[in-house]
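Notes to accompany the following structure.
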Amino acid sequence: MTASLRVAALTVLAVLHTAQSIAQSPVRADNAAPFMLRAKQDCTGDPTCTCEVLRKALGGPNTTLLPSDSAAYEDFADENYSAACRLPAACIVNPKDAQEVSTIVKIVSQAGTKFAVRSGGHNYIPGFASINGAGVLVSLSGLNSTELSKDKKTARIGPGNKWQAVYNALIPEGVVVVGGRVGAVGVGGLMLGGGLSYFASERGLALDNVKSYEVVLADGSIVTASANNKYSDLYRGLRGGATNFGIVTSYELYTYPAGDFYVDARSYSPDQTSNFLRAVAEYQEEGQLDPLSSVSDSGPTILMLYNEPVQQAKAFDAFYALEGSQPITAPFNGSLLDILALTGSRFGSGDIRTYGETFTHRADADLMVELYDIFAEEIANLPTGASGVWVPNPIAASVAKLGKQYGGNLLGLEEVPQQWYEWFITWMDPAQDDTIQEISSRITQRCTDAAQAKGLSLPYLFMNTAGKSQDVLGGYGAENVEFIKAMAAKYDPGQVFQKLLNNGFLVRDL
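And the structure:
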């Protein structure tokens with residue numbers, strides 16, 4: 224759909240939604256019983272029936288889109304970043320608040336209808352934030368408010384937001400939250416998966432900075448989980464436990480003063496890749512000890528950020544020493560919004576299909592070079608039109624330490640400098656899907672084997688960039704896995720999310 228058609232469709236939907244709220248109040252949680260009864264009696268094994276019940280319960284076509292709704296349905300289906308994830312759901316439901324999410328959960332659970340939940344749609348595993356005609360896609364794009372507290376110490380953020388919108392709302396108010404590094408990425412998936420930001424060495428991961436979660440549980444109840452209320456165990460579970468307990472409908476995040484950064488973006492020639500990777504390792508040994516520094520790199524380009532407006536930062540000496548760099552932009556001091564404008568083209572869309580995986584190891588220069596060589600060797604086998612991107616994420620030991628200081632999470636991170644990889648492959652021809660998957664599996668296996676052979680492999684797998692068959696939860700350690708299982712049993716005793724959620728990093732797969 225063209226941009227103009229997309230805007231027109233969304234405008235019509237917004238007008239319809241306003242008119243509907245005046246003409247007919249949608250079903251609230253306490254009025255859902257007759258629709259639940261019909262779903263249980265008539266809709267078992269029939270997703271089309273479930274969609275009809277949802278449309279009536281939620282107030283009409285503006286909230287529940289069927290394939291017959293053509294352009295509007297296609298527009299919402301196309302929200303998934305990877306074309307491989309744009310599956311033809313039986314219907315797409317677009318709740319506007321937690322009460323409507325509650326109604327949806329009650330109806331699909333009574334009908335026994337499979338469902339998927341999508342926030343921003345950036346996950347590139349088919350079936351995680353998408354589903355085919357066997358089920359319902361719950362799009363949280365309507366839960367997109369950003370509300371700053373009166374004292375400006377916290378912000379309540381809907382999971383359907385993109386990070387660009389969040390920062391657009393907060394930075395003019397002089398504050399920022401620990402969130403995504405790319406504006407086009409959605410809030411919900413990043414927050415549940417851990418969330419790398421430009422503040423990680425100083426503030427920890429995004430999930431370490433949550434004050435409270437509003438959650439719709441499997442029985443449809445809406446609760447607020449924080450470290451200090453009766454749902455404190457659920458709060459802890461959500462700091463790594465993903466979608467095993469419910470659907471998060473808002474995140475209350477701590478805010479921090481929003482200042483200017485020193486920004487320096489450079490590229491190096493491909494024949495400098497080995498030296499570039501050694502510079503990344505040197506940065507981890509020395510420069511990254513300065514928590515105000517942050518880098519984002521992909522081979523071989525570097526975005527260097529320092530969380531103060533300076534002329535040059537000593538933390539980046541390893542990169543300054545590399546000869547032959549080409550400036551992507553002249554160094555400048557600017558806001559996070561300026562940085563997002565610089566990186567905004569990092570992700571495309573259209574008909575591009577994307578898939579990648581991850582692995583983790585202790586920081587080591589020789590290993591980094593060896594792993595890149597493996598990657599380069601494997602992507603040489605890619606079919607015509609496909610390409611690969613290698614993204615090592617240097618993680619400071621402080622990230623694990625801050626997670627413990629901020630109340631603890633379930634990730635099981637070791638307090639050592641480490642690399643979390645974010646490599647991925649892009650292609651356009653669906654006929655190449657199986658070949659891409661085979662090459663992806665080989666890359667991960669060979670790289671993991673190489674790290675293990677040197678005694679440098681770490682069990683943690685970064686959920687935000689993990690592949691469909693990777694054991695993310697298992698990498699947290701036995702104690703944390705048992706806690707997640709216990710919380711899933713407590714808050715979803717009927718196993719709604721284990722049985723009906725289409726896919727994800729779930730307890731059922733352990």
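So the mapping is simple: the numbering used here equals the position in the sequence shown, first residue as 1, plus 223. Just so you know, even glycine gets a beta-carbon here, dropped at the ideal spot from N, CA and C.
In the structure shown, residue 448 adopts extended strand secondary structure according to DSSP, grouped into three states.
In the DSSP assignment, the residues bridged to residue 487 are 527. Annotation: the continuous alpha helix (DSSP H) that includes residue 659 extends over 656 to 676. Membership of residue 642 in the beta strand (DSSP E) is indicated by the continuous run 641 to 644. Less than 8 Å divides the Cβ of residue 640 from the Cβ of residue 619. The three-state secondary structure of residue 394, taken from DSSP, is helix.
Following the DSSP letters along the chain, one finds residue 257 in no beta strand (DSSP E) but inside the alpha helix (DSSP H) bounded by residues 256 to 265. Taking the Cα positions, residue 420 is about 22 Å away from residue 499.
Rounded to whole angstroms, the separation of the alpha carbons of residue 259 and residue 517 is 50 Å. Under the Cβ criterion (8 Å, minimum of three pairs), the stretch 339 to 350 counts as touching the stretch 298 to 317. For residue 691, same chain residues with a beta-carbon under 6 Å away, outside a window of 5 residues either side, are 348 in chain order. Distances from the CA of residue 548 to each of 538, 532, 564 and 522 were compared; the closest alpha carbon is that of 522. Here the C-alpha atom of residue 693 lies approximately 12 Å from the C-alpha atom of residue 671.
Secondary structure of residue 613 (DSSP, three-state): coil. Every beta strand (DSSP E) stretch that sits fully inside the stretch 458 to 516 and reaches 3 residues is listed by chain position as 469 to 480 and 484 to 490. For residue 598, the three-state secondary structure derived from DSSP is helix.
Put simply, the backbone Cα of residue 361 is about 22 Å away from that of residue 688. When secondary structure is reduced to three states using DSSP, residue 334 falls in the helix class. Rounded to whole angstroms, the gap between the alpha carbons of residue 651 and residue 372 is 44 Å. Taking a contact as a CB-CB distance under 8 Å, the pair residue 332 and residue 341 does not count as one, their CB atoms being some 18 Å apart. Annotated three-state conformation of residue 607 is coil, per DSSP.
By alpha-carbon distance to residue 546, the top candidate from 458, 633 and 492 is 492. Per DSSP, reduced to three states, the secondary structure at residue 426 is helical. If you draw a straight line from the Cα of residue 275 to the Cα of residue 339, it comes to about 17 Å. Judged by beta-carbon spacing, residue 326 lies beyond the 8 Å limit of residue 359, meaning their Cβ atoms are not closer than that value.
The DSSP-derived three-state label of residue 399 is strand.
When rounded, the separation of the alpha-carbon atoms in residue 429 and residue 507 is 21 Å.
Remark: fewer than three beta-carbon pairs, one from each stretch, lie closer than 8 Å, so the stretch 443 to 456 and the stretch 373 to 391 are not flagged as touching. Residue 285 sits buried, since 16 or more C-beta atoms from the chains shown fall within 10 Å of its C-beta.
Proximity to residue 558 across 541, 533 and 544 peaks at 533, based on C-alpha coordinates. Annotation: the continuous alpha helix (DSSP H) that includes residue 297 extends over 294 to 300.
Buried is the label assigned to residue 615, since at least 16 other Cβ atoms lie within 10 Å of its Cβ. Judged by DSSP in its simplified three-state form, residue 538 adopts helix.
Here residue 504 has 586, 587, 588 and 591 as same chain residues with Cβ atoms under 7 Å from its own Cβ, once five neighbours each way along the sequence are excluded.
Membership of residue 649 in any alpha helix (DSSP H) is not indicated; the residue belongs instead to the beta strand (DSSP E) covering 647 to 650. By the beta-carbon neighbour count (other beta carbons within 10 angstroms, threshold 16), residue 480 is exposed.
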